[in-house]
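Participant: Take the sequence shown: its position 491, counting from 1, is numbered 638 in the working numbering, and each next residue is one higher.
Below are the structure tokens for one structure; questions will follow.
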Amino acid sequence: MKHFFNRRESIVTEALDGLLRTAPAGKLARLDGYPGIKVIVRADWDKAKVAVISGGGAGHEPSHAGFVGKGMLTAAVSGEIFASPSVEAVLTAIRAVTGAPGCLLVVKNYTGDRLNFGLAAEKARAEGYAVEMVIVGDDIALPDIAQPRGVAGTLFVHKIAGHVAESGADLAQVAAAAQAAAGDIVSLGMSLSTCSIPGQAHEERLGEAEGELGLGIHGEPGVERIAVQSADALIATMTERLAARLTPGAPQALLINNLGAVPPLEMSLIADAVLSSPLAAHVKLIIGPRPLMTALNMNGFSLSLITLDPAREAALLAPVDPAAWAVPVERQEIQVLPLPKGAGEAVAPAASADAALEGVLAAVCAHLIAQEAELNRLDARIGDGDTGSTVATAARAIEARLTELPLASLPATFGAMGHILGTHMGGSSGVLASIFFTAAAKALDDTADLPAALLAGLERLTFYGGATPGARTLVDALDPGLRALASEGPLGAARAARAGAEATRTMTRAMAGRAAYLSAQNLDGVADPGAVAVAGIFEVIAGHRAGAARAAS
Numbered sequence: 148m149k150h151f152f153n154r155r156e157s158i159v160t161e162a163l164d165g166l167l168r169t170a171p172a173g174k175l176a177r178l179d180g181y182p183g184i185k186v187i188v189r190a191d192w193d194k195a196k197v198a199v200i201s202g203g204g205a206g207h208e209p210s211h212a213g214f215v216g217k218g219m220l221t222a223a224v225s226g227e228i229f230a231s232p233s234v235e236a237v238l239t240a241i242r243a244v245t246g247a248p249g250c251l252l253v254v255k256n257y258t259g260d261r262l263n264f265g266l267a268a269e270k271a272r273a274e275g276y277a278v279e280m281v282i283v284g285d286d287i288a289l290p291d292i293a294q295p296r297g298v299a300g301t302l303f304v305h306k307i308a309g310h311v312a313e314s315g316a317d318l319a320q321v322a323a324a325a326q327a328a329a330g331d332i333v334s335l336g337m338s339l340s341t342c343s344i345p346g347q348a349h350e351e352r353l354g355e356a357e358g359e360l361g362l363g364i365h366g367e368p369g370v371e372r373i374a375v376q377s378a379d380a381l382i383a384t385m386t387e388r389l390a391a392r393l394t395p396g397a398p399q400a401l402l403i404n405n406l407g408a409v410p411p412l413e414m415s416l417i418a419d420a421v422l423s424s425p426l427a428a429h430v431k432l433i434i435g436p437r438p439l440m441t442a443l444n445m446n447g448f449s450l451s452l453i454t455l456d457p458a459r460e461a462a463l464l465a466p467v468d469p470a471a472w473a474v475p476v477e478r479q480e481i482q483v484l485p486l487p488k489g490a491g492e493a494v495a496p497a498a499s500a501d502a503a504l505e506g507v508l509a510a511v512c513a514h515l516i517a518q519e520a521e522l523n524r525l526d527a528r529i530g531d532g533d534t535g536s537t538v539a540t541a542a543r544a545i546e547a548r549l550t551e552l553p554l555a556s557l558p559a560t561f562g563a564m565g566h567i568l569g570t571h572m573g574g575s576s577g578v579l580a581s582i583f584f585t586a587a588a589k590a591l592d593d594t595a596d597l598p599a600a601l602l603a604g605l606e607r608l609t610f611y612g613g614a615t616p617g618a619r620t621l622v623d624a625l626d627p628g629l630r631a632l633a634s635e636g637p638l639g640a641a642r643a644a645r646a647g648a649e650a651t652r653t654m655t656r657a658m659a660g661r662a663a664y665l666s667a668q669n670l671d672g673v674a675d676p677g678a679v680a681v682a683g684i685f686e687v688i689a690g691h692r693a694g695a696a697r698a699a700s
């Protein structure tokens, strides 16, 4: 797996410097001591209040340095990737930010962190510093384990302890609030892949159809492997286990954490699934979805909940300086506004029957739906991999409305299809398909010549879309297919369309569409997926007509 880095030995220090270079002026600084001492501190800190220190191995960004700032952490101590910082580094951080009010160490429950932070605390006490330590073990993946892992729920403790300290409370009060919070947090993670560490060989332990439930934040294996299912099914498993650990009737804050590589689109879908599940009844505040405590590039997410009381709710809602913190929002229902006047008001023609036309359309739709994966695979080689999904979406939209179409009138059917495709088929393909059928419908009102009407639709499609034969688009199949239709019939049209689609394999320069941005090397030998889809439509129509003719004879 590929990564952006210079030398493995300097990844962490360079990343921390990148954070400092992009932070607001006067807010953050680092202690001199790279590479052994990697400590980020508040540049505006005056030691007049209790300091809150946390840290751990790198690779969890924005944790921990990203949460240094007024209202949260006073300092963050970083180790190398997934490695606890040294005792000396932690002790240096304590010395740097701790005044007479003392400091609180917030530590995730991993052996290395407990030992290094713990020994540093003991040494600091021996030097006269007032130090308390709270260990967070919020992971419920292994319910019977004596030392549960500390994962993303630790952020609740950072926020609550930071707020209480900022309010001027003494060390005992800050520690008590943090300890109580740590005892009321539950977390559970899920991933579809392991993470990879820059500079190290990566070996994926999960199969193509496997995921892991209850994994840690350092790439360690999950509690169990599970089959990849729909998001709703996977999240149902997680939310059931989390809900079983909650106090009935107690309001909760929910933190939805991206473990590093889940696209924002999928994180929003995950949020919708979680907040549509029975768990949502417990949730009052929502934090995220956002990368808050990651595991490098792990394709997974975690859910954390903490029981709320008025003090904790106030602490979580209090404004802070660190931009990495996600402002909590209250759970609310989706607001739906009426469509503007005129939208959706077009009067649809009355449904009517034509068994032959219905059979052709049904066969074409079934073919395009069946070809979804193959067309996506083909498009992934030269585009964004969505041609199959786009045409399958269009086919499903037509298929679902077959009985509502005015099939007895071909012009009306074409017009209705143009409306459906313009509404339900995404991207430029949907607009072009709508233009094609809308123009063909208009032409059919003026002439009964179907091939001529379809060519009129093609003329409008090429006028607005800009693609002509040779541009390496669906037009390379559509144009010859339609031109052969009048003289050679459906079978000849299918042959011409297929030949046009195959010709795109040797076209090493695209003149339209996303393929226009690719080099000849990327395009050579790969057929245009839109042209392949069009050729398939012609072939299905020809096969259906031939079958109907045989049945009639």
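The beta-carbon is built from N, C-alpha and C at its ideal position, and this holds for glycine as well.
For Thr620, which of Ser575, Leu601 and Arg630 has the nearest alpha-carbon?
Facilitator: Within the sequence shown, residue 620 is the residue found at index 473, counting from 1. Nearest option by C-alpha distance: Ser575.
Participant: State the Cα-Cα distance for the pair Ala667 and Glu355, rounded to the nearest angstrom.
Facilitator: Counted from its first residue, the sequence shown places residue 667 at position 520. Counted from its first residue, the sequence shown places residue 355 at position 208. Because Ala667 carries a pLDDT of 46, less than 50, the predicted location of this residue cannot be relied on, and the following value inherits that uncertainty. Taking the straight line joining both Cα atoms gives about 31 Å.
Participant: Taking 8 Å as the cut-off, decide whether the C-beta atoms of Met219 and Ser343 are in contact.
Facilitator: To locate residue 219, count along the sequence shown from 1; it is residue 72. To locate residue 343, count along the sequence shown from 1; it is residue 196. For the pair Met219 and Ser343, the CB atoms are not nearer than the 8 Å cut-off.
Participant: Return the Cβ separation of Ser451 and Leu416 in integer angstroms, given the expectation that the two are a contact with Cβ distance under 8 Å.
Facilitator: Your numbering for residue 451 matches position 304 in the sequence shown. Your numbering for residue 416 matches position 269 in the sequence shown. Contact doesn't hold; Cβ gap of about 19 Å is too wide.
Participant: Buried or exposed for Leu251, going by 16 or more other Cβ atoms inside 10 Å?
Facilitator: Locating residue 251 in the sequence shown gives position 104, counting from the first residue. Classification for Leu251: buried.
Participant: Which first and last residues belong to the beta strand (DSSP E) in which Glu227 is found?
Facilitator: Here residue 227 is taken as the residue at index 80 of the sequence shown, counted from 1. Note, Glu227: beta strand (DSSP E), Ala222 to Ile228.
Participant: Out of Gly165, Glu546, Pro368 and Ala243, point me to the one whose CA is closest to Arg296's CA.
Facilitator: As a first step, residue 296 is located in the sequence shown; it is residue number 149 there, counting from the start. Taking only the C-alpha atoms, the option nearest Arg296 is Pro368.
Participant: Can you tell me which of Pro676, Asn153, Val430 and Leu554 puts its alpha carbon nearest to the alpha carbon of Asp508?
Facilitator: Counted from its first residue, the sequence shown places residue 508 at position 361. Reading the sequence as shown, one finds Leu at residue 508 and not Asp. Residue Leu554 is the option with its Cα nearest to Leu508.
Participant: On the criterion of 16 or more Cβ atoms from any shown chain inside 10 Å, does Glu351 qualify as buried, or is it exposed?
Facilitator: Walking along the sequence shown from the start, residue 351 turns up at place 204. The residue in question, Glu351, is exposed, as its Cβ has fewer than 16 Cβ neighbours within 10 Å.
Participant: Have a look at the DSSP bridge pairing and note the partners of Val321.
Facilitator: As a working note, residue 321 is residue 174 in the sequence shown. Answer by DSSP bridge pairing: none, since Val321 is not bridged.
Participant: Considering just the uninterrupted stretch of the alpha helix (DSSP H) at Cys512, what are its terminal residues?
Facilitator: Position 365 of the sequence shown, counting from 1, holds the residue named residue 512. Its alpha helix (DSSP H) spans residues Ala502 to Ala517.
Participant: Could you name the residues that DSSP lists as bridge partners for Cys250?
Facilitator: If you number the sequence shown from 1, residue 250 lands on position 103. The partner list for Cys250 (beta bridge, DSSP) reads Ala198 and Val278.
Participant: What are the start and end residues of the beta strand (DSSP E) that includes Thr594?
Facilitator: What you label residue 594 is simply residue 447 of the sequence shown in a count that begins at 1. Segment: none, Thr594 is in no beta strand (DSSP E) and carries neither H nor E.
Participant: Which residue wins for smallest C-alpha separation from Ser581, given the options Ile567, Leu591, Thr594 and Ala590?
Facilitator: Within the sequence shown, residue 581 is the residue found at index 434, counting from 1. Ranking Ile567, Leu591, Thr594 and Ala590 by Cα distance to Ser581 puts Ile567 first.
Participant: Can you tell which of Met440, Ala240, Asn446 and Val375 has the C-alpha that lies nearest to the C-alpha of Gly213?
Facilitator: In the sequence shown, residue 213 corresponds to position 66, counting from 1. With distances taken between Cα atoms, Gly213 lies closest to Met440.
Participant: How big is the Cα-Cα spacing for Asp419 and Ala380?
Facilitator: Sequence index remark: in the sequence shown, residue 419 carries index 272 (1-based). Sequence index remark: in the sequence shown, residue 380 carries index 233 (1-based). Rounded to whole angstroms, Asp419 to Ala380 spans 13 Å at the Cα level.
Participant: Provide the residue span of the beta strand (DSSP E) that contains Val333, from first to last.
Facilitator: Reading the sequence shown from its first residue, position 186 is the one you call residue 333. Its beta strand (DSSP E) spans residues Ile332 to Ser338.
Participant: How is the alpha helix (DSSP H) around Asn263 delimited, first residue to last?
Facilitator: To locate residue 263, count along the sequence shown from 1; it is residue 116. Here the alpha helix (DSSP H) through Asn263 covers Thr258 to Ala273.
Participant: Using a threshold of 8 Å, state whether the C-beta atoms of Ile364 and Ala442 are closer than that.
Facilitator: Here residue 364 refers to the residue found at position 217 of the sequence shown. Here residue 442 refers to the residue found at position 295 of the sequence shown. Result yes, Cβ atoms of Ile364 and Ala442 sit closer than 8 Å.
Participant: Would a C-beta distance cut-off of 8 Å place Lys174 and Asp468 closer than the cut-off?
Facilitator: The count along the sequence shown starts at 1 and reaches residue 174 at position 27. The count along the sequence shown starts at 1 and reaches residue 468 at position 321. Yes, Cβ-Cβ distance for Lys174 and Asp468 is below 8 Å.
Participant: Have a look at the DSSP bridge pairing and note the partners of Pro553.
Facilitator: Within the sequence shown, residue 553 is the residue found at index 406, counting from 1. The partner list for Pro553 (beta bridge, DSSP) reads Ser499.
Participant: For the beta strand (DSSP E) holding Val538, just list the boundary residues, first then last.
Facilitator: The sequence position of residue 538 within the sequence shown is 391, counting from 1. For Val538, there is no enclosing beta strand (DSSP E); the enclosing alpha helix (DSSP H) covers residues Thr534 to Ala547.
Participant: Quick one: residues in its chain with C-beta nearer than 6 Å to the C-beta of Asp193, no 5 flanking neighbours on either side, listed in chain order?
Facilitator: Counted from its first residue, the sequence shown places residue 193 at position 46. Excluding positions up to five away in sequence, the list is empty.
Participant: By DSSP, does Phe448 sit in helix, in strand, or in coil?
Facilitator: Stepping through the sequence shown from its first residue, residue 448 is reached at position 301. Phe448 falls in the strand class under three-state DSSP.
Participant: Assess, as a yes-or-no matter, whether the region 422-432 is touched by the region 318-328 under the definition of 3 or more beta carbon pairs within less than 8 Å.
Facilitator: no
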